[in-house]
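Asks: Take a look at this one; I'll ask things after.
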Amino acid sequence: GGLGTMGYGFPAAIGAQIARPDETVIDIAGDGSIQMNIQEMATARANNLPVKVVILNNGFLGMVRQWQELFYERRYSQTKLAAMPNFVKLAEAYDSVGIEVRRPEEVTPALERMLEVKDRPCIVDVKIAEEENVFPMIPAGKSVDEMILEQPT
């Protein structure tokens, strides 16, 4: 919910997987975040790291879009990701596993399949609604005790 640095999750997951090779490591990333360092799939694959990436893909820089929705009357600027890669094909290009989810009933089977992958990276590309929001979030200039826990009505 905005408490981390965009793009940090995947390299952190790679490091965690190296540190804990027998554990399941999962990075939950936005589609903009993962694009900041998707090239590290080469590092994960070269080292046979079974790190998992679940992408919440709404075609936007989601957290920035959320701020624009909630605090700037939906005046969206520079947040729509018009040229998106096919993350399944991208995973396959790195000799890894790619899984696409388009409907809610596909989530559980996709995650079960993801957890079965033990010898290489796996990306699960979960298509979500463009205006899906993430909570909790901390508004600019506010403290942790002023975080927003749910969609304002």
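Under the working numbering, the first residue of the sequence shown carries the number 19, and numbering increases by one thereafter. All C-beta atoms in this analysis are idealised placements derived from N, C-alpha and C, irrespective of residue type, glycine included.
1) Output the distance between the C-alpha atoms of Lys-160 and Ala-64, rounded to the nearest integer angstrom.
2) Does the contact criterion of 3 or more C-beta pairs under 8 Å hold for the region 78-87 versus the region 145-159?
3) With three or more beta-carbon pairs closer than 8 Å as the criterion, would you say the region 32-45 touches the region 94-107?
4) Should Asp-143 go down as buried or exposed, given a rule of 16 or more other Cβ atoms within 10 Å for buried?
5) Since Ile-32 and Leu-67 are thought to touch, with beta carbons under 8 Å apart, how far apart are those beta carbons, to the nearest angstrom?
6) In the structure shown, what three-state DSSP assignment does Met-155 receive?
7) With a Cβ-Cβ cutoff of 7 Å, do Cys-140 and Val-119 count as a contact?
8) Glu-110 lies in the alpha helix (DSSP H); which residues open and close that run?
9) Please report the distance separating the alpha-carbon of Arg-138 from that of Glu-91.
Replies: On the basis of the data shown:
1) The residue you call residue 160 lines up with position 142 of the sequence shown. The residue you call residue 64 lines up with position 46 of the sequence shown. Whole-angstrom Cα-Cα distance: 42 Å.
2) In short, these stretches touch, since the Cβ pair count reaches three.
3) Under the 8 Å Cβ criterion, the region 32-45 does not count as touching the region 94-107, having fewer than three qualifying pairs.
4) As a first step, residue 143 is located in the sequence shown; it is residue number 125 there, counting from the start. Taking every protein chain shown into account, the CB of Asp-143 has 16 or more other CB atoms within 10 angstroms, so this residue is buried.
5) For this step, residue 32 is matched to residue 14 along the sequence shown. For this step, residue 67 is matched to residue 49 along the sequence shown. Between Leu-67 and Ile-32 the Cβ distance is about 6 Å, and since that is below 8 Å, they are a contact.
6) Indexing the sequence shown from 1 puts residue 155 at position 137. Met-155: strand per DSSP, three-state reduction.
7) Looking up residue 140 in the sequence shown gives position 122. Looking up residue 119 in the sequence shown gives position 101. Val-119 is positioned such that its CB atom lies no closer than 7 Å to that of Cys-140.
8) Locating residue 110 in the sequence shown gives position 92, counting from the first residue. The continuous alpha helix (DSSP H) containing Glu-110 extends over residues 105-111.
9) Residue mapping note: residue 138 aligns to position 120 of the sequence shown, counting from 1. Residue mapping note: residue 91 aligns to position 73 of the sequence shown, counting from 1. So the two alpha carbons sit approximately 43 Å from each other.
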